[in-house]
Amino acid sequence: MLSVVRASYAVRNLLSAVYRTGSSNSCQLSHSKSRHGFIKNISSFHKRSTEIETINVAHEKNALSLKWKNGELASFHSKWLRFNCRCDKCTNQTSSSWIWPAHKVPLDLTLKSVNTSDNGDINIQWNEEEHEGILTKEHLLQHSYSEENRRRLRDETKLQFQTDMTVAELSWRDVQSSEDSLYRWLRYIGDQGICLLTDVPAEHHYIKNVATKIASLTGTLYGEILDVKVLKNVINAAYGRQALLFHTDFGIYEAQPGVQFLHCLKFDDTVLGGETLFVDLYHIAEVFRTDYPEEFRTLTEVPFTFTRIHYARDAPVSYGSPPASL
Ligand SMILES: [Zn+2]
3 MLSVVRASYA
13 VRNLLSAVYR
23 TGSSNSCQLS
33 HSKSRHGFIK
43 NISSFHKRST
53 EIETINVAHE
63 KNALSLKWKN
73 GELASFHSKW
83 LRFNCRCDKC
93 TNQTSSSWIW
103 PAHKVPLDLT
113 LKSVNTSDNG
123 DINIQWNEEE
133 HEGILTKEHL
143 LQHSYSEENR
153 RRLRDETKLQ
163 FQTDMTVAEL
173 SWRDVQSSED
183 SLYRWLRYIG
193 DQGICLLTDV
203 PAEHHYIKNV
213 ATKIASLTGT
223 LYGEILDVKV
233 LKNVINAAYG
243 RQALLFHTDF
253 GIYEAQPGVQ
263 FLHCLKFDDT
273 VLGGETLFVD
283 LYHIAEVFRT
293 DYPEEFRTLT
303 EVPFTFTRIH
313 YARDAPVSYG
323 SPPASL
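Here my numbering = 1-based position in the sequence shown + 2.
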């Protein structure tokens, strides 16, 4: 038997395809449908020194130029600085949410004075408004929109295609006890879109412990956890003995779950088949874009809708999602 659970996760959805060969009772692998470079962004940011070396008001008081001790340079527009003020009047310090009335801020803002505080943050006053602004050095470095920083973010979020036959493997025991293993697990999910976890206890619904280690669960029309087992009168192809061709899950949803977890609970040695195969649809889309540009254009530009209409279920459903897009 197989348990399937979906989770929300702060990364972008992407298509992956699953192929399950015909069998009697199971398949295996932990399956992620998502990846994004945000994990890399976090790690690389923390390696960069945030100490500011020099500050200069430039462009007729319309911009602030900064140089960090690590050599990085950045320039911030006076209006951007006002909109990113982190003082108590503008930002709730515990939730980090903005609380200031943006519509009351003058449209034209020029810098009146800029100073560095004892802890290295930047204090700013503007000519057109009575306000003591504060911008932290960390916020400025992390959100720098310099050409260099934007290039770095582009590089760090560049997709890595999964074209070899190797699936990264980690022990669930290690993931639970070691932050290094936990980080590697997140990186595999983010970068490669897939990771096999071994040593997960074969207990019914234990998969919830695994998923909630890194995310909150997403409810679907199947509930939080779906038990996949062979049934006689199948209401879903997943419950049959036949092979499931490559497919994507939850195309009918406007926002698909970020990560999907598959947990193999039982797999007898006598069973033939039951393997789970994965392909990287991002890579296939890229190859298809190059080799079949006209067909690729048709697939990406002609509107169509994923639908699932099933009134015979205990809880009848009629789902439809917007056209697929890149
Ligand atoms: Zn403020």
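Ideal Cβ positions, reconstructed from N, Cα and C, are used throughout, including at glycine.
Span of the beta strand (DSSP E) around residue i
i: F280; result: T278 to D282
i: S115; result: L113 to T118
i: N125; result: I124 to W128
i: R310; result: F308 to H312
i: S51; result: S51 -> no beta strand (DSSP E), and no H or E assigned at all.
i: W70; result: A65 to W70
i: C89; result: Counting along the chain, C89 falls outside any beta strand (DSSP E), and DSSP gives it neither H nor E.
Nearest-angstrom Cα separation, counted from residue j out to residue i
i: H285; j: A104; result: 43 Å
i: E55; j: H61; result: 20 Å
i: I44; j: L155; result: Per-residue confidence for I44 stands at a pLDDT of 48, beneath the threshold of 50, marking its modelled position as unreliable; the derived number appears in the next sentence. About 11 Å.
i: G242; j: N235; result: 8 Å
i: V232; j: Y190; result: 31 Å
i: P295; j: E171; result: 36 Å
i: K35; j: C197; result: Confidence in K35 is poor, its pLDDT being 36 and thus under 50, which makes the residue's placement unreliable; the coordinate value appears in the next sentence. The alpha-carbon atoms of K35 and C197 are separated by roughly 11 Å.
i: N151; j: E288; result: 26 Å
i: H207; j: I227; result: 7 Å
i: A317; j: Y224; result: 10 Å
i: R37; j: E132; result: In this prediction, R37 scores a pLDDT of 40, lower than 50, which makes its location untrustworthy; no coordinate-derived value is stated.
i: A314; j: I237; result: 9 Å
i: A239; j: L142; result: 52 Å
i: H312; j: S320; result: 6 Å
i: R299; j: E158; result: 27 Å
i: D123; j: T138; result: 5 Å
i: N94; j: I254; result: 38 Å
i: L246; j: N211; result: 27 Å
i: E181; j: V304; result: 46 Å
i: S97; j: D90; result: 12 Å
Best match in the options for proximity to residue i [C-alpha to C-alpha]
i: A204; options: K215, L267 and L228; result: L267
i: T118; options: T112, E134, V273 and N129; result: E134
i: S77; options: V289, L66 and R189; result: L66
i: H213; options: N129, I311, V116 and F263; result: This sequence places Ala at residue 213; His is not what is there. Of the listed residues, the one whose Cα sits closest to A213 is F263.
i: T200; options: G192, W187, D193 and H206; result: W187
i: F252; options: L301, T309 and D293; result: T309
i: F248; options: V281, R50, L301 and C89; result: V281
i: P259; options: T220, I136 and F290; result: T220
i: T165; options: I311, W100, E303 and L279; result: L279
i: M167; options: Q95, N121, Q194 and K71; result: Q194
i: S53; options: D270, N121, N125 and T272; result: Looking at the sequence shown, residue 53 is not Ser but Glu. That would be N121, whose Cα lies nearest to the Cα of E53.
i: L83; options: V304, S146 and K71; result: S146
Sequence-distant residues of its chain with Cβ nearer than 8 Å to residue i (five each side left out)
i: K215; result: V177, Q178 and L184
i: K63; result: S80, T112, L113, K114 and N129
i: C92; result: W100, I101, W102 and G135
i: F85; result: A104 and V107
i: F163; result: D282, Y284, H285 and E288
i: E140; result: T52
Own chain, CB closer than 6 Å to residue i, minus 5 neighbours either side, in chain order
i: L161; result: Y284
i: S115; result: Q127
i: S148; result: A76
i: K69; result: E55, T56 and L75
Residue i, enclosing alpha helix (DSSP H) - first and last residue
i: S183; result: E181 to Q194
i: I209; result: I209 to A213
i: W82; result: S80 to F85
i: T300; result: P295 to E303
i: L142; result: K139 to Q144
i: V151; result: Checking the displayed sequence, the identity of residue 151 turns out to be Asn instead of Val. Looking at the DSSP string, the run of the alpha helix (DSSP H) that includes N151 is E149 to E158.
Nonlocal neighbours in the same chain, by C-beta distance under 7 Å from residue i, ignoring five residues either side
i: I41; result: At I41 the pLDDT is 47, less than 50, meaning the model places this residue with poor confidence and gives no usable figure here.
i: N72; result: R50 and S51
Taking contact to mean at least 3 C-beta pairs separated by less than 8 Å, is the stretch 171-184 in contact with the stretch 108-115? Contact between the stretch 171-184 and the stretch 108-115 is absent, with fewer than three C-beta pairs closer than 8 Å.
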